[in-house]
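Residue numbers (the numbering used here): 1 to 345.
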């Protein structure tokens, strides 16, 4: 496999990062409570190409930072979920890691049943397997996200800025575990906060299946055409929100209030400019670091037995009240180069 060093350029001063607070303090200490040392190579199957999604990039950097401080070498293979053959590529890459005698494999669960067979082969061969989100097949440890809670809090945040009964549309995302859980939380928050939800974000026409800004624009334009009277919109994530802002500009409906999730640099800038009511900062480096803690605990000690579950950071809303205190993710941990490929050329 081709080997490359990848490094995300440091975020601009307004770049995305979550602000200082309890969650940020947690991220600053990721790994400090665990000084165990381990050695060997760990493979991470990253679900999106580098540079496509700032949050996904930052998760990888958080994982890399935590493992590197414990003596483990992280190798990253980018297996974008937009590829039709991502399942086959995941399986073949895991098989290659088995042959190359890696110590562990990290997957990002998109389909809860995949890649079950390849993971079973890896574990049988003595590798340990860890996952972002929990699959429906055995692994050694998983980091789960508080998606539902975050979605509920996002909707409540918007409700506090709208009148009772205001018309609100929700923009759904790809049919993957964390996004569906997030959207379920948004729907819960909208419905129980006295707002009038006008659409069903689980319908295909109201989903941004691409998870990218252009897809967010197209989906938002469809919603705006279907619902000429809207007071608010909840795009499920920041990239979709940015596309939604593009659609609002095109249609002259900039007065519609929006909130979103992730806390990416451009979303934080939209908060600064008064174009967004808030973005929920998920502390992406802390997510990577938290799973890194689980991995180090397993690889540095033979005392860990059974499935190990950990909960990712809850994060916090970045809005006009605290945006000035927001600190970029790459200022919370160093974004060191990521080594791509298995390193066996």
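Idealized CB from N, CA, C, for every residue including glycine. Only a predicted model underlies this, so the values are computations on that prediction, with no experimental measurement involved.
Open item on the list: If contact is defined by three or more beta carbon pairs under 8 Å, each pair taking one atom from either stretch, is the segment 87–101 in contact with the segment 41–57?
Closed with: Result yes; three or more Cβ-Cβ pairs closer than 8 Å.
Task: C-alpha gap between residue 107 and residue 329, whole angstroms - done: By one-based count along the chain shown, residue 107 stands at place 107. By one-based count along the chain shown, residue 329 stands at place 329. Rounded to whole angstroms, the separation of the alpha carbons of residue 329 and residue 107 is 22 Å.
Task: Continuous alpha helix (DSSP H) stretch holding residue 329: start and end - done: As a working note, residue 329 is residue 329 in the chain shown. For residue 329, the enclosing alpha helix (DSSP H) stretches over residues 329–332.
Task: Proximity below 8 Å, CB of residue 267 to CB of residue 276 - done: Here residue 267 refers to the residue found at position 267 of the chain shown. Here residue 276 refers to the residue found at position 276 of the chain shown. The criterion of a C-beta distance shorter than 8 Å is satisfied by residue 267 and residue 276.
TODO: Would you mind stating whether residue 100 and residue 342 have Cβ atoms separated by less than 8 Å?
DONE: Along the chain shown, read from residue 1 onward, the residue named residue 100 stands at position 100. Along the chain shown, read from residue 1 onward, the residue named residue 342 stands at position 342. Here residue 100 is near residue 342, since their CB atoms are less than 8 Å apart.
Task: Stretch pair the segment 221–231 + the segment 62–74: three plus CB contacts closer than 8 Å - done: No: fewer than three Cβ pairs fall under 8 Å.
- [ ] Report yes or no: do the segment 80–94 and the segment 45–56 share at least 3 C-beta pairs separated by less than 8 Å?
- [x] Touching, yes, given that three or more Cβ pairs across the two stretches are closer than 8 Å.
Open item on the list: With a threshold of 8 Å on Cβ separation, who are the neighbours of residue 127 within its own chain once the five nearest residues in sequence on each side are excluded?
Closed with: Numbered from its first residue, the chain shown carries residue 127 at position 127. Excluding positions up to five away in sequence, the list reads 97, 98, 102, 103, 104 and 105.
TODO: Below 8 Å CB to CB, which residues in the same chain sit around residue 270 once its five sequence neighbours on both sides are set aside?
DONE: Numbered from 1 along the chain shown, position 270 holds the residue referred to as residue 270. Excluding positions up to five away in sequence, the list reads 241, 242, 245, 276 and 279.
Open item on the list: Tell me which residue opens and which closes the beta strand (DSSP E) that residue 257 is part of.
Closed with: Here residue 257 corresponds to residue number 257 of the chain shown, with the count starting at 1. Per DSSP, residue 257 belongs to the beta strand (DSSP E) from 257–262.
- [ ] Determine, using beta-carbon pairs with one atom in the segment 182–200 and one in the segment 117–132, whether at least three such pairs fall under 8 Å.
- [x] At 8 Å Cβ cutoff, the stretches do not touch.
Task: residue 89 in three-state terms, based on DSSP - done: Position 89 of the chain shown, counted from the start, is the residue given in the question as residue 89. For residue 89, the secondary structure class from DSSP, reduced to helix, strand or coil, is helix.
Task: Beta-bridge partners of residue 44, as assigned by DSSP - done: Taking the first residue of the chain shown as position 1, residue 44 is located at position 44. In the DSSP output, where bridge partners are listed per residue, residue 44 has 76 and 106.
Open item on the list: Only counting the same chain, and skipping five residues up and downstream in sequence, which positions put a Cβ closer than 8 Å to that of residue 111?
Closed with: What you label residue 111 is simply residue 111 of the chain shown in a count that begins at 1. By the criterion of a C-beta distance shorter than 8 Å, residue 111 is surrounded in its chain by 87 and 176, once the five residues flanking it on both sides are discounted.
Open item on the list: If you measure between the beta carbons of residue 134 and residue 144, is that distance less than 8 Å?
Closed with: Position 134 of the chain shown, counting from 1, holds the residue named residue 134. Position 144 of the chain shown, counting from 1, holds the residue named residue 144. Cβ atoms of residue 134 and residue 144: closer than 8 Å.
TODO: With a threshold of 16 other CB atoms inside 10 Å of the CB of residue 114, please say whether the residue is buried or exposed.
DONE: As a working note, residue 114 is residue 114 in the chain shown. A residue is called buried once 16 or more other Cβ atoms fall within 10 Å of its Cβ, and residue 114 is buried on that count.
- [ ] Run the CB neighbour count on residue 138, radius 10 Å, all protein chains shown included, and call it buried at 16 or more, exposed below.
- [x] Stepping through the chain shown from its first residue, residue 138 is reached at position 138. Per the 10 Å Cβ criterion, exposed.
TODO: Give the secondary structure of residue 53 by DSSP, where H, G and I count as helix, E and B as strand, and everything else as coil.
DONE: As a working note, residue 53 is residue 53 in the chain shown. Residue state, collapsed to three classes: coil.
Open item on the list: Taking only three categories from DSSP, how would you classify residue 318?
Closed with: Position 318 of the chain shown, counted from the start, is the residue given in the question as residue 318. Looking at residue 318 - three-state DSSP - the assignment turns out to be strand.
- [ ] Tell me whether residue 264 is buried or exposed, calling it buried when 16 or more other Cβ atoms sit within 10 Å of its Cβ.
- [x] Translated into positions along the chain shown, residue 264 becomes position 264. Of the residues assessed, residue 264 falls on the buried side of the cut-off, its CB having 16 or more other CB atoms within 10 angstroms.
TODO: From the DSSP output, in three-state form, read off residue 69 for me.
DONE: Taking the chain shown and counting its residues from 1, the one referred to as residue 69 is at position 69. Coil at residue 69, not helix or strand.
Open item on the list: Measuring only the C-alpha atoms, how far is residue 319 from residue 283?
Closed with: Translated into positions along the chain shown, residue 319 becomes position 319. Translated into positions along the chain shown, residue 283 becomes position 283. Separation of residue 319 and residue 283 (C-alpha to C-alpha, rounded to the nearest whole angstrom) is 15 Å.
Open item on the list: residue 290 and residue 312 - do their beta-carbons sit closer together than 8 Å?
Closed with: For the purposes of this step, residue 312 is taken as residue 312 along the chain shown, with counting starting at 1. For the purposes of this step, residue 290 is taken as residue 290 along the chain shown, with counting starting at 1. Yes, the pair counts as a contact, with Cβ atoms nearer than the cut-off.
TODO: Would you kindly report the start and end of the unbroken beta strand (DSSP E) that includes residue 309?
DONE: As a first step, residue 309 must be located in the chain shown, where it is residue number 309. Where residue 309 is concerned, the enclosing beta strand (DSSP E) stretches over 308–311.
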